[in-house]
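> In the UniProt record's numbering, the protein residues as written are 1 to 378. Beta carbons are placed, not taken as given, at the ideal position from N, Cα and C, and that holds for glycine. What follows is a structure written as structure tokens; I'll ask about it next.
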Ligand code: SF4
Ligand code: FES
């Protein structure tokens, strides 16, 4: 069957409940990473949901059918009530995963989190050595703290995953990152190529890899997966600007996950607010289940009624769902357009050429996110 020969199908049944919820507890963060994917306009601390409000969100999420709760940020450890929030979520039967830079965690706090029922910790690493990692995070001493956090996490028996964002300046260090993850006792490493959402777009020239680098990274991951089978699981998000097909972003819009921002807005994905014309409900005003099933933003791109050609008649439309709506908005100016990463998009060739040109450029100094970094690139 030809890729564009399947008839259009329309999804009319009630959507399944979400499996996972990402709770962005705060946008406050001690790091200043140049590839930060949080929105350009951050939520102020005074606007954040209170402890009681977050606990009510977790209660509703469990009732809705959510199984996995990702406690994220910004830096979630910036919330003084992190242990209380974790305990409440665990009490509702949610599997709790803390996504953290490690800054703000102490041995005592990790012990409290374990006692509160934390199930899993994902620790970001900005590089395999202190010299590299601290410059990327803009935080002197950050690497040493992360190594300590990994040890404390392992010490209390919480399973550990290491998150590593890869880009032009560190793709040659993937071997060292994998070795470090094993040394730290992680069971998984997630190697994600930088996504050019939010702040990262300002650092395109400093971060965009070349096609050759991406090919080398793909080959490395395939070989490392074989070599470390049974010891370390390697999750990998390849660079999509150099791909032929887009990723199935969020597994399909409004199909399996939702995000709650620090001030309680409920989003189908973390970058959804970049899409013009969508209205987002807030848990302060509307129940989570009602938002999931009936909210206009969640229903905007469910199923395939919204698709245009070439996606509408494409055999891959139930595999990649037309790619990423936020990327289509950013690159094609229309969230209903085919993601320009796709080889069938009229914008694909120009996108790939621009990515290669940026990849070959001499990297300029980073434009850091947020506060003045305590150490920086030259
Ligand atoms: Fe097909 Fe659209 Fe996916 Fe491209 S993005 S493979 S045209 S469904
Ligand atoms: Fe929003 Fe992909 S990041 S749909």
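1. Pull up the DSSP beta-bridge partners for residue 20, would you.
2. Which class does residue 324 belong to by DSSP, given the choice of helix, strand or coil?
3. Using the rule of at least 16 other Cβ atoms within 10 Å of the residue's Cβ for burial, across every protein chain shown, is residue 364 buried or exposed?
4. Let me know if residue 224 comes out buried or exposed under the rule of 16 or more other beta-carbons within 10 Å of its beta-carbon.
5. Based on Cα-Cα distance, which residue from 203, 239, 232 and 207 lies nearest to residue 219?
6. Under 7 Å, do residue 262 and residue 41 count as touching if we go by C-beta distance?
7. How about residue 43 and residue 27: do their beta carbons lie closer than 7 Å?
8. Could you check what DSSP says for residue 188 in three-state terms: helix, strand or coil?
9. In this structure, how does DSSP classify residue 249 when only helix, strand and coil are distinguished?
10. Heavy atom of the ligand FES less than 6 Å from the Cβ of residue 308, yes or no?
11. Relative to the C-alpha of residue 279, which residue among 62, 306 and 295 is closest?
12. Start and end of the beta strand (DSSP E) containing residue 99?
13. For the region 157-243, list the alpha helix (DSSP H) runs that are entirely contained and at least 4 residues long, ordered along the chain.
14. Counting only the same chain and skipping the five closest in sequence on each side, list residues whose C-beta sits under 6 Å from that of residue 120.
15. Which of the three DSSP states is assigned to residue 78 in this structure?
16. Just to be sure I understand the criterion: a residue counts if its Cβ is closer than 5 Å to at least one heavy atom of the ligand FES. Which residues meet that?
17. In the DSSP assignment, what residue or residues form a beta bridge with residue 124?
According to the structure shown:
1. 68 and 257
2. coil
3. exposed
4. buried
5. 239
6. no
7. yes
8. strand
9. helix
10. no
11. 295
12. 95-100
13. 174-183, 204-207 and 211-227
14. 97 and 159
15. helix
16. 249, 269, 271, 324, 325 and 326
17. 163
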